[in-house]
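Take a look at the structure set out below.
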Amino acid sequence: MIRLMLGASFPVKGKGIGLMICGMEGSGRTVRAGQRRQSILEAARTLFIEHGFHQTGMAQIAERSGVKVGQIYRDFANKEQIVTAICEADLAASMGEETLATALRNEDRPALREWMHRFCTMEQPVEQSRLMAEIIAEASRNEHLAASLREIEERVGESMTAALNILVPEERRHKRHEEIQNIIMAMHVGIMMRMAINPTMPTEELFQHVTDLLDEALSEDALPAQTV
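Using the working numbering, read the sequence shown as starting at 3 and increasing by one per residue.
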């Protein structure tokens with residue numbers, strides 16, 4: 003029986019409606035859980051930027067997010083897991099993984115080249131640079147966090163490799179592509195670290211050097227093979 007708010011009731015035959023209601027309730031719980039996690043991550047992000055990793059406790063995150071400490075620990079075992087979740091969310095948003103997946107599936111060379119350019123010139127807000135500096139500093143002392151960041155870095159490398167494998171003919175692929183990836187990532191992180199201590203630093207020319215490096219590599223690989 004399903005009872006209405008006014009007190010009336012009516013019989014329900016079969017399990018279909020009951021299953022549908024359970025499914026709706028489950029979906030609602032999933033949405034609320036996602037919203038709760040998002041509130042925790044946004045609060046933690048702000049506090050890490052304002053006070054640093056070690057000066058931010060779970061109680062502060064709970065107060066800022068409006069989520070009880072016990073619930074935070076049910077979602078995240080520790081602050082390292084919160085940091086990892088922040089990094090993964092930022093990576094997914096900034097890399098445009100859905101756009102990349104579509105371009106890879108369609109082997110869309112212009113779209114892949116545009117994606118590579120956008121990644122190379124992905125300028126972050128100063129607050130994001132400060133947060134990244136804080137995270138990297140903590141990772142230098144925390145092996146668990148360092149391992150999580152290495153996994154994220156591997157995802158970035160795999161995405162760049164997948165794009166280059168389509169942009170560059172197979173006979174032209176060589177070890178230099180891995181070197182180019184490492185240089186691009188090192189320059190990108192380095193620019194962010196410098197912005198953390200010098201927010202007014204001009205970055206346009208620096209990012210241009212990164213894209214020039216990429217264009218040079220692609221143009222070299224696009225040259226026809228030499229005949230002997």
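Beta carbons: idealized from backbone N, C-alpha and C, even for Gly.
query: Rounded to a whole number of angstroms, what is the C-alpha to C-alpha distance between methionine 7 and glycine 30?
result: Residue mapping note: residue 7 aligns to position 5 of the sequence shown, counting from 1. Residue mapping note: residue 30 aligns to position 28 of the sequence shown, counting from 1. Any reading at methionine 7 needs caution, since the residue's pLDDT is 40, under 50, leaving its predicted position unreliable; the model's value is listed next. Those two C-alpha atoms are separated by around 20 Å.
field: Beta-carbon spacing of serine 150, threonine 86 below 7 Å
entry: Taking the sequence shown and counting its residues from 1, one reaches residue 150 at position 148. Taking the sequence shown and counting its residues from 1, one reaches residue 86 at position 84. With respect to threonine 86, serine 150 sits close: the two C-beta atoms are nearer than 7 Å.
query: Applying the criterion that 16 or more other CB atoms from any shown protein chain within 10 Å of the CB defines a buried residue, is serine 131 buried or exposed?
result: One-based indexing of the sequence shown puts residue 131 at position 129. Classification of serine 131: buried, given that the 10 Å Cβ count is 16 or more.
message: Using 8 Å as the cut-off, can you tell me whether the region 40 to 51 makes contact with the region 59 to 68, which would need three or more C-beta pairs spanning the two stretches below that distance?
response: Verdict: yes, contact present.
task: From the DSSP output, in three-state form, read off proline 127 for me.
output: Walking along the sequence shown from the start, residue 127 turns up at place 125. The answer is coil: DSSP assigns proline 127 none of H, G, I, E or B.
- request: Return the chain-ordered list of same chain residues with a C-beta closer than 6 Å to the C-beta of methionine 134, the five sequence neighbours on each side being excluded.
  value: Along the sequence shown, read from residue 1 onward, the residue named residue 134 stands at position 132. Taking C-beta separations shorter than 6 Å and ignoring five residues to either side along the sequence, the partners of methionine 134 in its chain run Met194, following chain order.
query: How should methionine 162 be labelled, buried or exposed, when 16 other C-beta atoms within 10 angstroms of its C-beta is the threshold for buried?
result: The sequence position of residue 162 within the sequence shown is 160, counting from 1. Per the 10 Å Cβ criterion, buried.
Assigned secondary structure, lysine 70 (DSSP; H/G/I helix, E/B strand, else coil): Taking the sequence shown and counting its residues from 1, one reaches residue 70 at position 68. The three-state reading of DSSP puts lysine 70 in coil, since its state is none of H, G, I, E or B.
- request: Consult DSSP for arginine 120 and reduce its assignment to one of helix, strand or coil.
  value: Position 118 of the sequence shown, counting from 1, holds the residue named residue 120. Here arginine 120 sits in helix by DSSP.
message: Measuring straight from C-alpha to C-alpha, what distance separates arginine 34 and glycine 72?
response: Translated into the one-based positions of the sequence shown, residue 34 becomes position 32. Translated into the one-based positions of the sequence shown, residue 72 becomes position 70. Each residue's alpha carbon lies about 16 Å from the other.
query: When DSSP labels each residue in this structure, what does threonine 202 get in the three-state scheme?
result: Taking the first residue of the sequence shown as 1, we reach residue 202 at position 200. When DSSP states are grouped into helix, strand and coil, threonine 202 belongs to the coil group.
Secondary structure of asparagine 167, DSSP reduced to three states: Sequence index remark: in the sequence shown, residue 167 carries index 165 (1-based). Asparagine 167: helix per DSSP, three-state reduction.
field: Assigned secondary structure, serine 150 (DSSP; H/G/I helix, E/B strand, else coil)
entry: Position 148 of the sequence shown holds residue 150. Annotated three-state conformation of serine 150 is helix, per DSSP.
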